[in-house]
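Each remark here refers to the structure printed beneath this line.
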Amino acid sequence: MIKAVIFDMDGVLIDTEKYLVKYWIQAGQEFGFDMKPEHGLLIRSLAGKYAGPLLQEIFGPSFDYPAVRARRKALMADHIARNGIEKKPFVDKALDQLKEMGIKTAVATATDQERAGRYLKQIGIDHKFDRIICADMVENGKPQPDIYLYACQEMGELPENCMAVEDSPNGVRSAASAGLVTVMVPDLTQPDEEISHLLSEKVQDLGEIPGLVQKMNLHF
Numbered sequence: 002m003i004k005a006v007i008f009d010m011d012g013v014l015i016d017t018e019k020y021l022v023k024y025w026i027q028a029g030q031e032f033g034f035d036m037k038p039e040h041g042l043l044i045r046s047l048a049g050k051y052a053g054p055l056l057q058e059i060f061g062p063s064f065d066y067p068a069v070r071a072r073r074k075a076l077m078a079d080h081i082a083r084n085g086i087e088k089k090p091f092v093d094k095a096l097d098q099l100k101e102m103g104i105k106t107a108v109a110t111a112t113d114q115e116r117a118g119r120y121l122k123q124i125g126i127d128h129k130f131d132r133i134i135c136a137d138m139v140e141n142g143k144p145q146p147d148i149y150l151y152a153c154q155e156m157g158e159l160p161e162n163c164m165a166v167e168d169s170p171n172g173v174r175s176a177a178s179a180g181l182v183t184v185m186v187p188d189l190t191q192p193d194e195e196i197s198h199l200l201s202e203k204v205q206d207l208g209e210i211p212g213l214v215q216k217m218n219l220h221f
């Protein structure tokens with residue numbers, strides 16, 4: 002039985018993934034590396050301890066991950082300061098319906114605590130979650146299972162009684178390996194064969210999540 006729903010943030014609750022990819026490309030190119038959309042997509046939700054070596058494997062040992070990432074963060078911060086943050090469709094509706102159903106909710110994000118709290122507050126939904134779990138609270142970020150295992154622990158629920166809502170392959174791998182019921186709301190990419198095998202369901206938008214929880218619990 003689903004007792005809690007745990008949401009990824011970027012690409013699920015807020016429409017930021019397209020800008021993260023855009024500014025990874027710009028930052029990389031400013032440092033002389035031919036970063037393209039596929040490279041930005043590859044590192045979505047990927048913890049820095051894994052993303053750095055991966056990008057060095059692609060572009061060579063001279064790829065200065067901390068410096069490029071710092072530049073990407075500066076570009077992203079400037080974009081948000083000028084344009085604000087866009088919510089994904091049906092965020093409030095889904096969260097309100099889940100609360101009415103007595104379902105706990107949490108966030109499990111690859112973003113650090115300071116920025117996650119600021120982003121969620123900026124769009125007015127920070128108070129709607131029972132817990133906000135961030136990458137800097139665990140030893141190993143996504144795609145490792147740590148963040149979801151910790152989120153379940155904080156929620157006081159077993160992983161099999163929690164649903165994860167993700168948009169990226171690395172997020173799906175993290176949730177599935179932790180033993181959660183894993184649902185994908187595709188953002189920039191659709192699931193490939195590997196990711197499809199890890200999913201319990203794929204939905205078009207967050208508006209489908211409360212009904213999916215209800216359906217799963219009826220058949221429990």
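In terms of my numbering, the numbers along the sequence shown are unbroken and rise by one, the last being 221.
Just so it is clear, CB atoms sit at the ideal spot from N, CA and C, and this is done for glycine as well.
The model shown is predicted, which means the values in this text are computed figures rather than measured ones.
Let me check understanding here. Comparing Cα to Cα, which of the options lies closest to residue i?
i, options, result
"Ile-60", "Ile-26, Pro-187, Tyr-120", "Here residue 60 is Phe; the residue named in the question, Ile, does not match the sequence. It is Ile-26 whose Cα lies nearest to the Cα of Phe-60."
"Glu-18", "Arg-73, Ile-7, Ser-175", "Arg-73"
"Lys-89", "Val-166, Ile-3, Ser-197, Glu-101", "Val-166"
"Lys-4", "Gly-29, Arg-70, Glu-39, Lys-105", "Lys-105"
"Gly-29", "Leu-76, Glu-194, Ala-177, His-80", "Leu-76"
"Gln-205", "Pro-192, Leu-199, Gln-57", "Pro-192"
"Leu-199", "Ala-176, Ala-78, Pro-62", "Ala-176"
"Asn-162", "Arg-116, Leu-21, Glu-140, Gln-215", "Gln-215"
Just the Cα atoms here: how many angstroms apart are residue i and residue j?
i, j, result
"Lys-129", "Tyr-51", "31 Å"
"Pro-187", "Ile-133", "22 Å"
"Leu-42", "Gly-12", "12 Å"
"Val-184", "Ser-201", "6 Å"
"Gly-85", "Glu-58", "34 Å"
Kindly list the residues whose CB is nearer than 7 Å to the CB of residue i, restricted to its own chain and excluding five residues on each side of it in sequence; keep chain order.
i, result
"Phe-34", "Phe-60, Phe-64"
"Phe-91", "Asp-206, Leu-207, Gly-208"
When DSSP labels each residue in this structure, what does residue i get in the three-state scheme?
i, result
"Met-2", "coil"
"Arg-45", "coil"
"Met-217", "helix"
"Met-185", "strand"
"Asp-206", "coil"
"Arg-37", "At residue 37 the sequence reads Lys, which differs from the Arg that was named. Note: Lys-37 maps to coil in three-state DSSP."
"Lys-88", "strand"
"Met-164", "strand"
"Lys-74", "helix"
Which residues in the same chain have their Cβ closer than 8 Å to the Cβ of residue i, if we skip the five residues on either side of it in sequence?
i, result
"Leu-47", "Leu-55, Ala-111, Gly-142, Lys-143, Pro-144, Asn-171"
"Ala-136", "Ala-48, Thr-110, Ala-111, Thr-112, Asp-113, Gly-142, Lys-143, Ile-148"
Looking only at its chain, what residues have a beta carbon closer than 6 Å to the beta carbon of residue i, apart from the 5 residues adjacent to it on each side?
i, result
"Pro-160", "Cys-153, Ala-179, Gly-180, Leu-181"
"Phe-8", "Leu-14, Val-108, Val-166"
"Ser-197", "none"
"Met-217", "Ile-3"
"Glu-87", "Asp-16"
"Arg-174", "Pro-144"
Cβ-heavy atom distance between residue i and the ligand NAD below 7 Å?
i, result
"Gly-61", "Only the bare structure without any ligand can be found here, which leaves the ligand NAD out of the picture."
Contact between the segment 82 to 97 and the segment 203 to 212: three or more CB pairs below 8 Å?
yes
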